[in-house]
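With this note's numbering applied, the sequence shown has no gaps in its numbers, which climb one by one up to 409 at the end.
Glycine included, every Cβ here is placed at the ideal spot set by N, Cα and C.
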Amino acid sequence: MRKPIIAGNWKMNNTIAATKALISDLIPLVKDAACDVVICTPYTDLATAVEMCKGTNIKVGAENVHWAEKGAFTGEISADMLVELGVEYVIIGHSERRQYFGETDATVNARVKAALAKGLKPIICVGETLEEREAGKTAEVVIRQTEGAFKDIDKAELDNIVIAYEPVWAIGTGKTATADDANDTIKVIRDTMAKLYCPKCAEDRVRIQYGGSMNPKNVKELMAMPEIDGGLIGGASLKAEDFSKVVNY
Ligand code: PGA
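So, in structure tokens, the structure goes:
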């Protein structure tokens, strides 16, 4: 059985003061969650988040990591820096990184390797744009992104990796993929993992989230789908009550 995992992606939101308020509201609301609960925060909030979440069921993640160990990469963050803070997860290849910051399948793969080498758990994002969807290329795109992200990644790492299927047109738009569409595309991703590794690995060990305007209203229907193992939540992760309703679906 794959344990569901609900992760918040705060994006570029919340100062340290806002982080303190949000997490103290959140802790009691999600303490009995049946799923894994993760919040991915801006770098400046990580130390506060890790400290506050100690001894709770909330895990903390970053929103990116560089592939190099260290060096002349102004503005970037290394896996060692995140590990030292006590961070456990890291989002890699979010569509906003692909769209605005030149992220490619190759850089996603390099970041995944760097994260795994230091014991961080990647949440790897894949998903098609509206243009690609309308051109009937959804499967082709998620297969290419999945194969690219997992190039030379050992089977032993599968338990430490989460995939998030996020159709770009559904992110922050209020438009959700229908539960059936999300389920079908996640099945395509799982079949790709079966081919890359083995059918049993893909079935038992690969957790695949849906992301894109998931909220307290639609979470139940999405999570009822057999292929959907959780959610990556943007907007609805910024309010403790909304996020807790998603977590406690
Ligand atoms: P959203 O963002 O829930 O605001 O659509 C999801 C994401 O980008 O991870």
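Three-way DSSP call (helix, strand, coil) for GLY308 in this model: Residue numbering aside, residue 308 sits at position 148 when the sequence shown is read from its first letter. GLY308: helix per DSSP, three-state reduction.
Contact under 9 Å by Cβ, GLY253 with GLN305: In the sequence shown, the residue the question calls residue 253 occupies position 93. In the sequence shown, the residue the question calls residue 305 occupies position 145. A contact, by the Cβ cut-off of 9 Å.
Any non-hydrogen atom of the ligand PGA within 8 Å of GLU263 CB: Taking the sequence shown and counting its residues from 1, one reaches residue 263 at position 103. Not so, every heavy atom of the ligand PGA lies at least 8 Å from the Cβ.
For ASN224, is the beta carbon positioned less than 8 Å from some heavy atom of the ligand PGA? As a position in the sequence shown, residue 224 is number 64, starting the count at 1. Flag unset: Cβ of ASN224 not near the ligand PGA.
By Cβ distance below 8 Å, which residues in the same chain neighbour VAL302 in space, the five residues on each side in sequence not counted? Position 142 of the sequence shown, counted from the start, is the residue given in the question as residue 302. Answer for VAL302: VAL286, GLY287, GLU288, TYR325, THR345, VAL348, ILE349 and THR352, listed in chain order.
Per DSSP, LEU392 forms a beta bridge with which residues? Against the sequence shown, residue 392 aligns to sequence position 232. Bridge partners of LEU392: ALA167 and GLY371.
So what's VAL247 in DSSP terms, helix, strand or just coil? Taking the sequence shown and counting its residues from 1, the one referred to as residue 247 is at position 87. Residue state, collapsed to three classes: coil.
DSSP puts TYR325 in a beta bridge; with which residues? Taking the first residue of the sequence shown as position 1, residue 325 is located at position 165. VAL286 and TYR370.
Confirm the yes/no value for this check: CB of ALA396, any heavy atom of the ligand PGA, distance under 8 Å. In the sequence shown, residue 396 corresponds to position 236, counting from 1. Within the cutoff, so yes.
Closer than 8 Å: MET374 CB and nearest the ligand PGA heavy atom: Position 214 of the sequence shown, counting from 1, holds the residue named residue 374. Yes - the ligand PGA has a heavy atom lying nearer than 8 Å to the Cβ of MET374.
Status (buried if at least 16 other CB within 10 Å, exposed otherwise) for ILE331: Position 171 of the sequence shown holds residue 331. By the neighbour-count rule (16 or more Cβ atoms within 10 Å), ILE331 is buried.
Report the three-state DSSP secondary structure of ILE313 (helix, strand or coil). Sequence index remark: in the sequence shown, residue 313 carries index 153 (1-based). Coil, per DSSP.
How big is the Cα-Cα spacing for GLU229 and GLU244? For this step, residue 229 is matched to residue 69 along the sequence shown. For this step, residue 244 is matched to residue 84 along the sequence shown. Approximately 13 Å, taken between the alpha carbons.
Taking DSSP as the reference, what is the three-state secondary structure of ALA181? Within the sequence shown, residue 181 is the residue found at index 21, counting from 1. Helix.
Quick check on ARG162: buried or exposed, where buried means 16 or more other Cβ atoms within 10 Å of its Cβ? Residue numbering aside, residue 162 sits at position 2 when the sequence shown is read from its first letter. The residue is exposed, with fewer than 16 neighbouring Cβ atoms inside 10 Å.
Would you say LEU206 and VAL247 are within 9 Å of each other, going by their C-beta atoms? Along the sequence shown, one-based indexing puts residue 206 at 46. Along the sequence shown, one-based indexing puts residue 247 at 87. Taking 9 Å as the Cβ cut-off, LEU206 and VAL247 qualify as a contacting pair.
Taking the C-alpha atoms as reference points, what is the distance between ALA339 and MET385? Counting from one through the sequence shown, the residue named residue 339 turns up at place 179. Counting from one through the sequence shown, the residue named residue 385 turns up at place 225. Straight-line Cα distance between these residues: approximately 7 Å.
Compare the beta carbon distance of ASN375 and LEU189 with 9 Å and say whether it is the shorter of the two. In the sequence shown, residue 375 corresponds to position 215, counting from 1. In the sequence shown, residue 189 corresponds to position 29, counting from 1. For ASN375 and LEU189, no; Cβs fall outside 9 Å.
From what residue to what residue does the beta strand (DSSP E) around ASP205 run? The count along the sequence shown starts at 1 and reaches residue 205 at position 45. Segment 203 to 213 is the alpha helix (DSSP H) holding ASP205; no beta strand (DSSP E) there.
Given ASP402, which residues of its chain have a CB within under 6 Å of its CB, disregarding the five upstream and five downstream residues? As a working mapping, residue 402 is identified with position 242 in the sequence shown. Counting only Cβ-Cβ distances below 6 Å, and skipping sequence neighbours, we find PRO376 and ALA396.
Among SER184, ASP185 and THR201, the one whose alpha carbon lies nearest that of ASN173: Residue 173 sits at position 13 when you count from the first residue of the sequence shown. Selected option, being the one with the closest Cα: THR201.
Use the C-beta contact count for PRO282: other C-beta atoms within 10 angstroms, 16 or more gives buried, fewer gives exposed. Here residue 282 refers to the residue found at position 122 when the sequence shown is read from its first residue. That one is buried.
Where ALA193 falls: helix, strand or coil (DSSP): Residue mapping note: residue 193 aligns to position 33 of the sequence shown, counting from 1. Of the three classes helix, strand and coil, the one that applies to ALA193 here is coil, per DSSP.
Of the choices GLY231, GLY394, THR216 and ASN343, whose alpha-carbon is the least far from that of THR333? On the sequence shown, position 173 is the one that residue 333 refers to. Among GLY231, GLY394, THR216 and ASN343, the Cα nearest to that of THR333 belongs to GLY394.
One or two residues paired with VAL198 in a DSSP bridge: For the purposes of this step, residue 198 is taken as the residue at position 38 of the sequence shown. In DSSP, VAL198 forms a bridge with ALA167 and LYS219.
Taking the alpha-carbon positions, what's the HIS226 to VAL268 distance? For this step, residue 226 is matched to residue 66 along the sequence shown. For this step, residue 268 is matched to residue 108 along the sequence shown. If I take the Cα positions, the gap works out to 9 Å.
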